[in-house]
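Colleague: For the sequence shown, the positions run 8 to 148 when the working numbering is used.
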Amino acid sequence: PEAIPILLKHLTRPYYDIVRYTIARSLAVPEPAVRAAWPLLVEEYKKAPLNWGIRAPGGAKNFDLDIRDALACVLCVAVTPQTLPELIELLKDPAQGKSRILLLDAIRRKRKRDPAIQQLLAELVQDPQLAKEINSWKKLS
Numbered sequence: 008p009e010a011i012p013i014l015l016k017h018l019t020r021p022y023y024d025i026v027r028y029t030i031a032r033s034l035a036v037p038e039p040a041v042r043a044a045w046p047l048l049v050e051e052y053k054k055a056p057l058n059w060g061i062r063a064p065g066g067a068k069n070f071d072l073d074i075r076d077a078l079a080c081v082l083c084v085a086v087t088p089q090t091l092p093e094l095i096e097l098l099k100d101p102a103q104g105k106s107r108i109l110l111l112d113a114i115r116r117k118r119k120r121d122p123a124i125q126q127l128l129a130e131l132v133q134d135p136q137l138a139k140e141i142n143s144w145k146k147l148s
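(1) Determine whether the beta carbon atoms of Y28 and I74 lie at a separation below 8 Å.
(2) Which one of A123, P92 and Q126 has the shortest CA to CA distance from L110?
(3) So, A138 versus V132, is the Cβ gap smaller than 8 Å?
(4) How should A129 be labelled, buried or exposed, when 16 other C-beta atoms within 10 angstroms of its C-beta is the threshold for buried?
(5) Rounded to the nearest angstrom, what separates S143 and K99 at their Cα positions?
(6) Considering only the alpha carbon of each residue, which of K105, P135, I11 and K119 lies closest to Y52?
(7) For a minimum of 4 consecutive residues, which ranges assigned as the alpha helix (DSSP H) are wholly contained in the stretch 33-117?
(8) Keeping to the same chain, check which residues put their C-beta closer than 7 Å to that of I108; ignore five residues upstream and five downstream.
(9) Let me know the secondary structure DSSP gives P8 once reduced to three states.
(10) Measuring alpha carbon to alpha carbon, tell me which residue in E96, E38 and L78 is nearest L18.
(11) Three-state secondary structure (DSSP) at R27?
(12) On the premise that V84 lies in contact with A10, defined as a C-beta separation below 8 Å, what is that separation, rounded to the nearest angstrom?
(13) Can you name, in chain order, every residue of its own chain whose Cβ lies under 6 Å from the Cβ of L57, other than the five neighbours on each side?
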């Protein structure tokens, strides 16, 4: 927990992609300080490059993971009942790219006991980027 403020400060710095990815993944912990940083996390998520991939320092190879994916994982952990509407807006926005698939994890656990989430999923399953993931949940139920 003591490292969270330091990690949050460094998350906003212009480090190499791989460094920012690692910092973001390190923040994917259910701590109050991470939840309190929701506005910063959403801002970083929105401004992160879409579907870019991680490039190592001096390297030409792109890896499959990208900073948006890592930030989506952090948002899933940081979401609260108060910030859930903002996460839902990110989920509904196709302009946010393929990392929205990872955002689904934040609502997956709530789907059976919340009729509003069930209605949301009925809407989101129409989205080509999200349909496969949502449909796979039915097989696990």
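The C-beta atom is built at its ideal place from N, Cα and C for all residues, glycine as well.
Modeller: Reading off the structure:
(1) For the purposes of this step, residue 28 is identified with residue 21 of the sequence shown, where counting begins at 1. For the purposes of this step, residue 74 is identified with residue 67 of the sequence shown, where counting begins at 1. Yes. Within cutoff.
(2) Position 103 of the sequence shown, counting from 1, holds the residue named residue 110. For the residues A123, P92 and Q126, the minimum Cα distance to L110 belongs to P92.
(3) Numbered from 1 along the sequence shown, position 131 holds the residue referred to as residue 138. Numbered from 1 along the sequence shown, position 125 holds the residue referred to as residue 132. In contact: A138 and V132 (Cβ atoms closer than 8 Å).
(4) Walking along the sequence shown from the start, residue 129 turns up at place 122. With fewer than 16 other Cβ atoms within 10 Å, it is exposed.
(5) One-based indexing of the sequence shown puts residue 143 at position 136. One-based indexing of the sequence shown puts residue 99 at position 92. Approximately 19 Å between the Cα atoms of the pair.
(6) Along the sequence shown, one-based indexing puts residue 52 at 45. Here the closest residue by C-alpha is K105.
(7) 39-43, 45-54, 74-85, 91-99, 107-110 and 112-115
(8) Counting from one through the sequence shown, the residue named residue 108 turns up at place 101. Here the set comprises Q136, L137 and E140.
(9) On the sequence shown, residue 8 is found 1 positions in, with the first residue counted as 1. If DSSP states are grouped into helix, strand and coil, P8 belongs with coil.
(10) Translated into positions along the sequence shown, residue 18 becomes position 11. Looking at the Cα atoms, L78 is the closest of the given residues.
(11) Stepping through the sequence shown from its first residue, residue 27 is reached at position 20. Of the three classes helix, strand and coil, the one that applies to R27 here is helix, per DSSP.
(12) One-based indexing of the sequence shown puts residue 10 at position 3. One-based indexing of the sequence shown puts residue 84 at position 77. That pair is no contact at about 15 Å.
(13) Your numbering for residue 57 matches position 50 in the sequence shown. Cβ within range, chain order: G104.
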